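Same order as they appear, the protein sequences are chains A and B.
When we follow our numbering, the leftmost residue of the first sequence carries the number 294, and every step to the right adds one.
When we follow our numbering, the leftmost residue of the second sequence carries the number 294, and every step to the right adds one.
Note that beta-carbon positions come from the ideal geometry of N, C-alpha and C, so glycine has one too.
This structure is a prediction, so every number in the text was calculated from the model and none was measured.
Notes follow the structure.
Number of protein chains: 2
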Amino acid sequence: MLLSVAAFAQGRMSHVSVVPAPARVVSPVIDGTKTTFSIAAPQAIHVSLHGSWMNTNDNCYGPLVQDTQVGVIPMTRGENGVWSCTIETPAPELWTYNFYIDGVYVPDFANPLIQRDGTRLLSILLVPGKLSENYDGATQHGNLNQVWYDSPTLGFERRMYVYTPYGYEDKANKKTRYPVLYLLHGGGCDEDTWESMGRVTAIVDNLIQKGQAKPMIVVMPNGNASQSCSPFLRIPAPDGAAESARQNRNLYIHSLVKDIIPYIESHYRVVPKPEYRAVSGLSMGGGHTLSVTAEYPGTFAYICPMGCGGNRNEDFVKGLQGIKKAGYKLYWLAAGTSDFAYPGAKVLDEVLTENGMQHTFYTKDGGHTWSNWRIFLNEMLPLLFK
Amino acid sequence: MLLSVAAFAQGRMSHVSVVPAPARVVSPVIDGTKTTFSIAAPQAIHVSLHGSWMNTNDNCYGPLVQDTQVGVIPMTRGENGVWSCTIETPAPELWTYNFYIDGVYVPDFANPLIQRDGTRLLSILLVPGKLSENYDGATQHGNLNQVWYDSPTLGFERRMYVYTPYGYEDKANKKTRYPVLYLLHGGGCDEDTWESMGRVTAIVDNLIQKGQAKPMIVVMPNGNASQSCSPFLRIPAPDGAAESARQNRNLYIHSLVKDIIPYIESHYRVVPKPEYRAVSGLSMGGGHTLSVTAEYPGTFAYICPMGCGGNRNEDFVKGLQGIKKAGYKLYWLAAGTSDFAYPGAKVLDEVLTENGMQHTFYTKDGGHTWSNWRIFLNEMLPLLFK
């Protein structure tokens with residue numbers, strides 16, 4: 294197709310070149326113990342693959358953090374300009390990967406499975422098996438609602454995700470009331486991240502379908518008090534929001550109980566009692582879990598911080614004692630042994646013990662990673678509301 | 294950070310190389326009449342920019358269709374390996390763009406605004422102005438719900454998006470009932486596409502907030518009878534779904550009226566009458582609009598096919614006559630004058646006239662493009678339910 298000069302009236306350019314359409318490729322291809330990745334890049338000089346199975350950095354802020362170098366596997370150019378490489382299929386897990394085209398990060402656009410972590414897009418290699426069995430495959434799906442609610446505590450309207458389980462909408466269940474898990478995200482993330490990176494709806498769908506978890510509502514708020522919603526939408530919070538958040542670091546904590554819980558309890562068929570409320574979160578969200586339960590003891594009967602730590606400061610210990618006094622049904626904390634938060638999690642474990650508070654400290658190998666957040670979620674959900 | 298050998302136990306490789314973290318860039322930067330795009334690519338040989346303002350192909354299946362070549366602007370490498378180019382800021386519009394890194398398509402990951410069209414991810418350049426004023430900027434947002442519903446007509450459960458307007462959840466409105474627009478997508482798209490590419494929630498939010506459109510519910514189903522949901526989710530329909538769809542090409546049309554409307558009318562506060570139902574769609578969705586209104590005359594009082602054509606076949610004309618006989622309030626069709634569907638749209642216009650059917654044929658320049666679908670939506674919504 295020839296290009297008309299008129300079409301470029303708005304583009305100031307001295308030279309026009311064209312790029313031929315890429316060859317169609319199928320990627321990735323899992324074939325038993327071998328997995329092959331391909332990308333059409335006939336003009337590239339160096340093409341390589343990075344996969345999360347290669348990560349030495351046990352931090353979910355992984356290989357694209359400034360100044361961190363990543364390991365890659367060089368790919369081989371085929372005759373038709375399609376580059377490929379074949380690796381031993383990694384163990385069952387939700388891995389992520391990308392290509393580097395002459396040093397530039399590129400997802401695998403032949404692959405529809407993609408995750409968004411901030412502005413990073415990661416292609417997904419989902420290797421089936423026991424560990425990953427709940428990351429897809431459910432045939433009974435709940436609904437995922439993107440909900441705007443008024444948050445007077447912060448002074449503006451904000452967005453959260455609300456998952457309602459399969460069957461919630463059935464007329465047969467119209468008198469049924471459900472328990473609620475408030476699931477909080479980590480630093481640099483937003484209300485979309487637990488779903489995008491954590492596969493929440495797939496995991497909850499599967500566990501409910503298998504009868505291993507109670508049908509429940511899952512609320513995923515935005516834990517950044519300077520934001521109205523995921524920055525991905527580019528819908529700014531009002532002027533002054535960031536400053537307010539800086540001046541009062543507990544605004545979001547208060548909004549969980551004063552704005553979000555009342556909204557959920559007046560808009561969804563839930564049981565408005567502590568025994569039907571769970572709160573959990575990863576990293577900063579684990580910190581929020583500790584803060585909100587200390588600030589509002591007796592509000593949540595199920596308390597499940599992940600990837601965060603405690604301390605022996607007087608206020609912190611008093612907060613735990615307040616929770617003990619008010620009562621709870623489950624205190625379940627989790628951290629990987631390579632997690633930088635692990636030492637702090639051990640302190641929390643010890644302080645709970647020292648204060649006579651029944652709890653479970655779930656640990657496994659690995660670090661501050663989405664692999665572990667998904668595994669922890671999978672472990673924790675069957676324990677709730679029972 | 295040195296890389297340990299142990300971490301590569303699962304990757305079979307003969308050589309390991311590393312990729313340094315990219316420099317942070319800000320892109321795009323709209324500065325009055327100049328717009329600059331940048332990407333860090335120190336190892337690349339050729340970097341160029343493609344923008345939709347450059348498209349000569351007036352088809353929304355645009356420049357990445359097989360065998361179509363695209364025009365690009367070469368970018369200039371700066372000293373720090375950051376490539377950039379500056380263009381005259383295009384006219385107000387939602388444009389899309391990407392880079393080519395040594396011939397490989399790469400979105401602009403410095404830019405959070407992104408659209409998904411199938412597996413294609415396009416970066417968004419939103420140039421503010423009159424034409425684009427409703428593509429963002431609303432401060433009163435409706436909710437967007439991802440809803441799974443049973444579709445007995447097709448034989449399996451399927452997903453659709455349901456937008457409820459700002460205020461729908463307010464207790465003050467709990468007795469208010471709303472009209473419904475059923476908004477249908479084009480070929481190769483899915484239930485996510487009208488939102489992702491068409492900016493539906495932004496447009497409807499803005500028009501409602503400005504008092505130019507009636508508060509309404511917008512239902513966006515998946516029009517591919519072989520799919521349970523967007524292929525992006527990789528949740529397959531049951532075996533046999535594709536074959537059923539092939540054997541009975543009207544299954545989806547019937548499901549709109551037999552499965553989707555009843556679901557909406559029993560789960561949302563709507564007025565279950567034809568005067569409170571509109572149906573519209575682009576391209577294949579326009580075809581679905583024509584089919585469902587012919588098959589179920591009198592079901593929808595507002596009929597708004599876009600980018601599709603009619604004919605003078607006996608069945609088609611009889612279908613229109615049935616609509617006339619049953620009654621309707623608005624018949625509004627739209628097509629760009631460069632659209633390959635424009636001749637057929639003119640035929641539809643003529644046949645409506647020949648049969649004494651009041652209607653509006655909205656035309657403008659441009660083709661079968663998302664630019665036009667958004668503009669048509671913006672024109673059409675204020676006409677509904679009045």
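Nearest candidate by alpha-carbon position, reference residue i, set the options
i	options	result
Glu381(B)	Ile338(B), Gly374(B), Ala333(B), Asp324(B)	Asp324(B)
Pro385(B)	Leu623(B), Met673(B), Ile668(B)	Ile668(B)
Val375(B)	Gly344(B), Thr486(B), Ile338(B), Val512(B)	Ile338(B)
Gly378(B)	Phe593(B), Ala333(B), Asn604(B), Pro421(B)	Note that residue 378(B) is Cys in the sequence shown, not Gly. Closest option to Cys378(B), Cα to Cα, is Ala333(B).
Gln520(B)	Val511(B), Ile510(B), Tyr390(B), Asp532(B)	Asp532(B)
Arg370(A)	Tyr398(A), Val340(A), Gly364(A), Ser345(A)	Val340(A)
Pro590(A)	Arg570(A), Val610(A), Gly620(A), Trp666(A)	Gly620(A)
Val512(B)	Leu526(B), Phe525(B), Gln505(B), Val493(B)	Val493(B)
Thr630(A)	Lys639(A), Lys551(A), Leu623(A), Tyr459(A)	Lys639(A)
Tyr454(B)	Asp485(B), Arg470(B), Ile546(B)	Asp485(B)
Ser425(A)	Gly578(A), Leu476(A), Leu500(A), Lys618(A)	Leu500(A)
Asp483(B)	Ser444(B), Phe525(B), Lys327(B), Lys468(B)	Phe525(B)
Ala550(B)	Ala534(B), Arg562(B), Ala587(B)	Reading off the sequence shown, one finds Val at residue 550(B), where the question assumed Ala. It is Ala587(B).
Thr592(B)	Lys622(B), Gly574(B), Lys611(B)	Lys622(B)
Thr469(B)	Ser523(B), Pro508(B), Glu643(B), Gly491(B)	Pro508(B)
Pro458(A)	Ala506(A), Gly615(A), Gln540(A)	Ala506(A)
Nearest-angstrom beta carbon gap, residue j and residue i [assumed within contact, 8 Å]
i	j	result
Val564(A)	Val585(A)	Going by Cβ atoms, the distance from Val564(A) to Val585(A) rounds to 19 Å, so no, they are not a contact pair.
Leu626(B)	Phe654(B)	6 Å
Leu544(B)	Thr446(B)	6 Å
Ala628(A)	Met673(A)	That pair is no contact at about 13 Å.
Tyr398(A)	Phe330(B)	Rounded, the Cβ-Cβ distance is 17 Å, inconsistent with contact.
Asp429(A)	Ala495(A)	5 Å
Leu387(A)	Ile366(A)	Actually they are not in contact, since the Cβ atoms of Leu387(A) and Ile366(A) sit about 19 Å apart, beyond 8 Å.
Leu437(B)	Glu488(B)	7 Å
Ser576(B)	Cys601(B)	6 Å
Phe678(A)	Pro514(A)	20 Å between Cβ atoms; not a contact.
Gly578(B)	Leu477(B)	3 Å
Phe449(B)	Ala530(B)	6 Å
Collapsed DSSP secondary structure at residue i in the structure displayed
i	result
Arg667(A)	helix
Tyr569(B)	helix
Gln336(B)	coil
Pro598(A)	strand
Ile554(A)	helix
Lys394(B)	Note that residue 394(B) is Ile in the sequence shown, not Lys. Reduced to three states, the DSSP call for Ile394(B) is strand.
Arg539(A)	helix
His501(B)	This sequence places Ile at residue 501(B); His is not what is there. Reduced to three states, the DSSP call for Ile501(B) is helix.
Thr646(B)	helix
Thr382(A)	coil
Gly660(B)	coil
Asp608(A)	helix
Tyr561(A)	coil
Val585(B)	helix
Leu674(A)	helix
Tyr461(A)	coil
Ala628(A)	strand
Tyr635(A)	helix
Tyr471(A)	strand
Thr592(B)	coil
Lys679(B)	coil
Ser523(B)	coil
Ser425(B)	coil
Thr389(A)	strand
For residue i: DSSP bridge partner residues
i	result
Tyr456(B)	Leu437(B), Val511(B)
Pro367(B)	Ser341(B)
Phe330(A)	Cys378(A)
Ser444(B)	Phe449(B)
Gly574(B)	Leu477(B), Pro598(B)
Tyr655(B)	Ala627(B)
Leu419(B)	Leu387(B)
Arg413(B)	Asp410(B)
Asp532(A)	Note: Asp532(A) sits in no beta bridge, so no partner.
Name the residues in the region 664-678 of chain B whose C-beta lies less than 8 Å from a C-beta of chain A; which are they? none
Along the region 433-446 of chain B, where does the CB come closer than 7 Å to a CB of chain A? Name the residues. His434, Asn436, Leu437, Asn438, Gln439, Val440, Trp441
What residues in the region 378-395 of chain A bring their beta carbon closer than 9 Å to a beta carbon of chain B? Cys378, Thr379, Ile380, Glu381, Thr382, Pro383, Ala384, Phe392, Tyr393, Ile394, Asp395
Using Cβ-Cβ distances below 7 Å, what residues of the region 495-506 of chain A are close to chain B? none
Closer than 8 Å between beta carbons: that is the criterion. Which residues of the region 457-478 of chain B meet it against chain A? Correct list: Tyr459, Glu462, Lys464.
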